[in-house]
Ligand code: GAL
């Protein structure tokens, strides 16, 4: 069901965590016999498949002439397994059959013996459950009689595709002998970094043996200072790992930018080596002050007559008390939690002052409510389930992330949306055609009430097509009913994803009208609801949606395909937004997709983002400069100190939330240095100096290139400190794929 390609992501994660590299003598399975349909006899080795088509393995069948086919299909892969494979292996225990990923469900046989199944088929008691993110890595004892050494073997794979692409994909299938090193992993969660006093940090290295055999080897590590260009520590450690055991080693190092750790593990029996590299996640955001500070949006849109609710996001030592000066009639504020509720019946701009106090002091800030037709006057800040849980999202998971959003203080920094993405819908509508959630969401209205009572807004996902991208029910021909159902659950935000609606659009050259039609339908239904629902268009930027998104009353629109947690994806999506600057304004945002920091995974098996810390600073800085929605796509319950620090820099978030609503312009792109400038409401400018090189690079901003002159004051936004007055130009060393984010003021225009 996945349309987009997460190939690199899964392969390298797999290799990093479980050592899924091919071992010596491996046999690549490049083609197989293929047929659509389903017949159990196709699993049998004696079956004659000569009439079947040939398929390349590792690419969806849609790319091999089966364009519109979804449903069952079988592969029969013929392979001679030489006994020399076993004879030459250092460890002769198990044969591995690696099939990469399967869209969406597979049941795999070797010579008629079932060796594995991942996901469930429609006819199974549980019904269809896609498990495309799982890697099919099947192991058999080398003495299993099912293996025919030196003869033709048939690996038969029954596959079910529930929508989108189908078949064996995202990797090259192969056979090899498993080695002990395949059972060794280095776990890399950022929470195993400890920040110590005195500018030091410690990396706790967990090394685990996942196999039922003892493994021996050497850990060889070096700690390198990439700014000073020198090695600062180096050590070899001999290790013996008992079956299913884990050992921890602590590596100490300075806590600063540019510290890189390289670890090799060499397994003694096979002499195979796996390498693991990490940049030390370094903290830049200063600790939150105990005195009150008001964060988040300064501008808020509501339709006259709709229920109003807004929680004042504020940090500071608890308890905090909240007050609003000039609160318009019709609204009240809860002094204990800062929740403003009520109704404004008349259109217009309502200006007020928010006041938050604690025993150490107080903070005030202006706040404007614009009662009119526009919602989301600043880019939505919050969470969405997709990059994290994928289709395995559940009520419990949403609640646990919502609790973490509150407990870890993200709400206080303005993260106020919790959006459920695909995977919440039941397989059938109710008898009266009402959409119903599946068993993972026992009480949608209850979930909404829980979120609202904590000041959090509630988002949901659907498609204008009959099916969502995950193969769940879409809103096709039920738009009115669905919009009303969402409103009855208390939904505040709808992500509307084109997916299977393309069935109703000409395959090639679909017109603007074809593209707009489904979004007009839902726009008109949302308008009729008695509550405000932010409208998020998701159609990957087709037909320049930024030009007509406002006409759809879209508050935001995806500008590209799906993001993944890799530099290439971040680079491709983030740095291609320059031409869209003019299309962003309050309530009308370009959406370069959700954030890929923290524990992500698009399913049940989460992993820490593969972006380096440098790239993560780039991600958050660039998205803020772009006035992009900041929707966290990670398990918030597992938020580590680095990611929390990264996400809670109020000066960075203020750039994203700036009420002027401009999107940064790219003003320089030379020698892999890019400079992006965003005009801010207070007349200052935020400047991102990005280094797209693979090394630390000195970058210079010449004020005249930005049309500025004079004695310019520079502030480092991540560290929240003034850097003084700089004349003519400003130079800073920027990390690889990293950023230096500054704000400038006091300038004259040239
Ligand atoms: C994709 C969309 C993703 C996610 C997914 C759900 O089309 O771009 O963001 O919503 O569908 O199946």
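Residue numbers (this note's numbering): 34 to 783. Note that beta-carbon positions come from the ideal geometry of N, C-alpha and C, so glycine has one too.
**Request:** Measure the CB-CB distance between residue 682 and residue 324 and report whether it falls below 7 Å.
**Result:** No, the Cβ-Cβ distance between residue 682 and residue 324 is not below 7 Å.
**Nearest to residue 452 (by Cα), restricted to the options 511, 510, 528** = Considering only alpha carbons, the answer is 528.
**Prompt:** Can you tell which of 475, 356, 108, 355 has its C-alpha closest to the C-alpha of residue 430?
**Reply:** Measuring from the Cα of residue 430, the nearest candidate turns out to be 475.
**Prompt:** Out of curiosity, what's the CA-to-CA distance linking residue 355 and residue 328?
**Reply:** Cα-Cα distance, rounded: 13 Å.
**Message:** Tell me whether residue 419, by its Cβ, gets closer than 6 Å to a heavy atom of ligand 3.
**Reply:** With respect to ligand 3, the structure shown offers nothing to examine, as its ligands consist of ligand 1.
**Message:** So for residue 481, helix, strand or coil by DSSP?
**Reply:** Helix at residue 481.
**Own chain residues within Cβ distance below 6 Å of residue 692, not counting five before or after** = Same-chain partners within the cutoff: 331, 332, 714.
**Asked** Near residue 280, what residues of its chain come up, given a Cβ to Cβ distance below 7 Å and the 5 sequence neighbours on each side ignored?
**Response** Within the same chain, Cβ atoms closer than 7 Å to the Cβ of residue 280 are found at 240, 272, 274, the five residues on either side in sequence being excluded.
**Asked** In the structure shown, what three-state DSSP assignment does residue 356 receive?
**Response** Residue 356: strand per DSSP, three-state reduction.
**Asked** Can you tell which of 467, 420, 485, 426 has its C-alpha closest to the C-alpha of residue 450?
**Response** Checked all of 467, 420, 485, 426; the closest Cα to residue 450 is 485.
**Message:** Tell me the rounded alpha-carbon separation between residue 93 and residue 199.
**Reply:** Inter-residue distance for residue 93 and residue 199 is about 5 Å (C-alpha atoms, whole angstroms).
**Request:** Measure the CB-CB distance between residue 69 and residue 102 and report whether it falls below 7 Å.
**Result:** By the CB criterion at 7 Å, residue 69 and residue 102 fall inside the cutoff.
**Buried or exposed by the 16-neighbour rule on C-beta atoms within 10 Å, applied to residue 233** = That one is exposed.
**Prompt:** By DSSP, does residue 712 sit in helix, in strand, or in coil?
**Reply:** Looking at residue 712 - three-state DSSP - the assignment turns out to be strand.
**Asked** With burial defined as no fewer than 16 other Cβ atoms inside 10 Å of the residue's Cβ, what is the status of residue 750: buried or exposed?
**Response** Taking a 10 Å sphere around the C-beta of residue 750, we find 16 or more other C-beta atoms and assign the residue as buried.
**Message:** So, at 7 Å on beta carbons, what are the nonlocal neighbours of residue 123 in its own chain, with the 5 sequence-adjacent residues on each side left out?
**Reply:** A distance below 7 Å between beta-carbons, with the five flanking residues on each side excluded, links residue 123 to the following residues of its chain, in chain order: 212, 302, 303.
**Request:** Could you give the DSSP three-state label for residue 571: helix, strand or coil?
**Result:** Annotated three-state conformation of residue 571 is strand, per DSSP.
**Message:** Need the endpoints of the alpha helix (DSSP H) that residue 432 sits in, please.
**Reply:** Residue 432 -> alpha helix (DSSP H) spans 428 to 440.
**Message:** Need the endpoints of the beta strand (DSSP E) that residue 280 sits in, please.
**Reply:** Bounds of the beta strand (DSSP E) holding residue 280 are 279 to 287.
**Prompt:** Cβ-heavy atom distance between residue 667 and ligand 1 below 6 Å?
**Reply:** Residue 667: no, Cβ never under 6 Å from ligand 1.
**Message:** Ignoring anything shorter than 4 residues, give me the alpha helix (DSSP H) runs that lie fully in the segment 557 to 633, in order along the chain.
**Reply:** Listed in chain order, they are 578 to 581, 600 to 607.
**Request:** Report whether the distance from the Cβ of residue 194 to the nearest heavy atom of ligand 1 is below 6 Å.
**Result:** For ligand 1, not one heavy atom lies less than 6 Å from the Cβ of residue 194.
**Message:** Please report the distance separating the alpha-carbon of residue 507 from that of residue 554.
**Reply:** Pairing residue 507 with residue 554, the inter-Cα distance amounts to about 14 Å.
**Prompt:** What do you reckon, are the CB atoms on residue 297 and residue 248 nearer than 7 Å?
**Reply:** Not closer than 7 Å, so no.
**Local conformation of residue 756 per DSSP, three classes** = The three-state reading of DSSP puts residue 756 in strand, counting E and B together.
**Asked** Where residue 225 and residue 438 are concerned, what is the direct C-alpha to C-alpha distance, given to the nearest angstrom?
**Response** The C-alpha of residue 225 lies about 21 Å from the C-alpha of residue 438.
**For residue 364, the residue or residues it bridges with in DSSP** = Per DSSP, 375.
**Request:** Mind checking who residue 451 pairs with in its DSSP beta bridge?
**Result:** Within the DSSP bridge table, the entry for residue 451 names 416, 491 as partners.
**Asked** By Cβ distance below 6 Å, which residues in the same chain neighbour residue 479 in space, the five residues on each side in sequence not counted?
**Response** Cβ within range, chain order: n/a, list empty.
**Asked** Between which two residues does the alpha helix (DSSP H) carrying residue 153 extend?
**Response** Run containing residue 153: none; DSSP gives neither H nor E here.
**Request:** Output the distance between the C-alpha atoms of residue 189 and residue 130, rounded to the nearest integer angstrom.
**Result:** Looking at the backbone, the Cα of residue 189 and that of residue 130 are separated by about 12 Å.
**Prompt:** Per the contact definition of three or more C-beta pairs closer than 8 Å, is the segment 413 to 426 in contact with the segment 369 to 384?
**Reply:** The segment 369 to 384 makes no contact with the segment 413 to 426: fewer than 3 CB pairs, one atom from each, lie closer than 8 Å.
**Request:** Whole angstroms is fine: what's the gap from residue 727's alpha carbon to residue 770's?
**Result:** Cα-Cα distance, rounded: 6 Å.
**Asked** Which of the three DSSP states, helix, strand or coil, is assigned to residue 96?
**Response** Residue state for residue 96 is assigned as helix, using DSSP reduced to three classes.
**Close-in-space but distant-in-sequence residues of the same chain around residue 409 (CB under 6 Å, 5 per side omitted)** = Taking residue 409 as the centre and dropping the five residues before and after it, the same chain places the C-beta of 567, 588, 620 closer than 6 Å to its C-beta, in chain order.
**Asked** For ligand 1, any of its heavy atoms closer than 6 Å to the Cβ of residue 595?
**Response** Flag set: Cβ of residue 595 near ligand 1.
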